[in-house]
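Trainee: Structure below; questions to follow.
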Amino acid sequence: MRDRMIAGGLFGLGLAVLGGFALLQTGGPADAQAQDGPGPNLVIEVAGEASGRIVIDLRDDLAPAHVERITTLAEQGAYDDVVFHRVIEGFMAQTGDVAFGRQGGDLSRAGMGGSDLPDLQAEFSRVPFERGTVGMARSMSPNSANSQFFIMFAPAPHLNGEYTVVGQVIEGMEVVDAIRRGNARAGGSVENPDRMVSVTVER
1 MRDRMIAGGL FGLGLAVLGG FALLQTGGPA DAQAQDGPGP NLVIEVAGEA
51 SGRIVIDLRD DLAPAHVERI TTLAEQGAYD DVVFHRVIEG FMAQTGDVAF
101 GRQGGDLSRA GMGGSDLPDL QAEFSRVPFE RGTVGMARSM SPNSANSQFF
151 IMFAPAPHLN GEYTVVGQVI EGMEVVDAIR RGNARAGGSV ENPDRMVSVT
201 VER
């Protein structure tokens, strides 16, 4: 099942080496250094414990197929009201399960699904996973990303070259930092999770 596979991939890898890295939130002026590139922007309105606007510069120069998938789903409204179902302090916040992660539904399977579109071929790059980097969740198979993505709270060099980087937060890291955390002992599963009220694309 997709959630177990993603947990065994991204989160199995991440949690296994969390003790080996000082994953500290840096905050402050460094967050303002992220620049808006030529690609489309993903605009996420968040509600819950966190409230506000997150803007992600999507890197279609790095991962054109993955960016096309995200923008397609956003323009279809598929991400609207999808929750941040897995959030790990000092690591990342994951969302994007358009099948089982919608607020108001049965969230017991949140993280187990994707879209009706086929899985994507990996588009790995040398861009590192830093604070604010956005990557695509996948299973143990490199070619299994679909709709779910995650936003880094802090650098995670053990993910470099292992997951597809699709963008960088250029506005609203304070909103990312405020997203309701999950239970680390339960793989970051969140009770009463925050949600993406609306997700739109600015080109």
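To convert, note that position 137 of the sequence shown is 137 in the working numbering; the numbers rise steadily by one, no gaps.
Glycine residues also receive a C-beta, built at the ideal position from the N, C-alpha and C atoms.
In terms of residues, what are the limits of the beta strand (DSSP E) holding Ala93?
Mentor: Ala93 -> beta strand (DSSP E) spans 92–95.
Trainee: Within 10 angstroms of the Cβ of Glu202, are there 16 or more other Cβ atoms? Answer buried if so, exposed if not.
Mentor: Its Cβ having fewer than 16 others within 10 Å, Glu202 is exposed.
Trainee: Looking at Gly188 and Val87, is the spacing between their C-beta atoms short of 8 Å?
Mentor: Yes, the pair counts as a contact, with Cβ atoms nearer than the cut-off.
Trainee: Is the region 181–198 in contact with the region 156–166, if contact means three or more CB pairs nearer than 8 Å?
Mentor: Touching, no, given that fewer than three Cβ pairs across the two stretches are closer than 8 Å.
Trainee: State the DSSP-derived secondary structure class of Gly28, mapped to helix, strand or coil.
Mentor: Any reading at Gly28 must be qualified, since the residue scores a pLDDT of 47, below 50, and its modelled position is unreliable; the value itself is stated next. Reduced to three states, the DSSP call for Gly28 is helix.
Trainee: When the Cα of Arg195 is compared with those of Ala34, Gln94, Gly37, which residue comes out closest?
Mentor: Closest option to Arg195, Cα to Cα, is Gln94.
Trainee: So Thr133 is in the beta strand (DSSP E); what residue range does that whole segment cover?
Mentor: Start and end: 133–136.
Trainee: With DSSP run on the structure shown, which of helix, strand or coil describes Ala156?
Mentor: If DSSP states are grouped into helix, strand and coil, Ala156 belongs with coil.
Trainee: How many Å lie between Ala122 and Pro157 at the Cα?
Mentor: Straight-line Cα distance between these residues: approximately 18 Å.
Trainee: What separation, rounded to the nearest whole angstrom, lies between the Cα atoms of Gly101 and Gly135?
Mentor: Computed Cα separation, rounded: 18 Å.
Trainee: What are the start and end residues of the alpha helix (DSSP H) that includes Asp177?
Mentor: Here the alpha helix (DSSP H) through Asp177 covers 173–178.
Trainee: Could you give the DSSP three-state label for Arg53: helix, strand or coil?
Mentor: DSSP places Arg53 in strand when its eight states are reduced to three.
Trainee: Could you pull out every residue in the same chain whose Cβ sits closer than 8 Å to the Cβ of Arg185, ignoring the five residues on either side in sequence?
Mentor: Result list for Arg185: empty, nothing under 8 Å.
Trainee: Within 10 angstroms of the Cβ of Met112, are there 16 or more other Cβ atoms? Answer buried if so, exposed if not.
Mentor: Buried.
Trainee: Give the single residue among Ala34, Arg131, Val197 whose Cα lies nearest to the Cα of Glu89.
Mentor: Minimum Cα distance to Glu89 is reached at Arg131.
Trainee: Would you give the residue range spanned by the beta strand (DSSP E) that Thr164 belongs to?
Mentor: No beta strand (DSSP E) holds Thr164; DSSP gives it neither H nor E.
Trainee: Between the beta-carbon of Leu120 and the beta-carbon of Arg69, is there less than 8 Å?
Mentor: Against a cut-off of 8 Å, the Cβ pair of Arg69 and Leu120 comes out as a contact.
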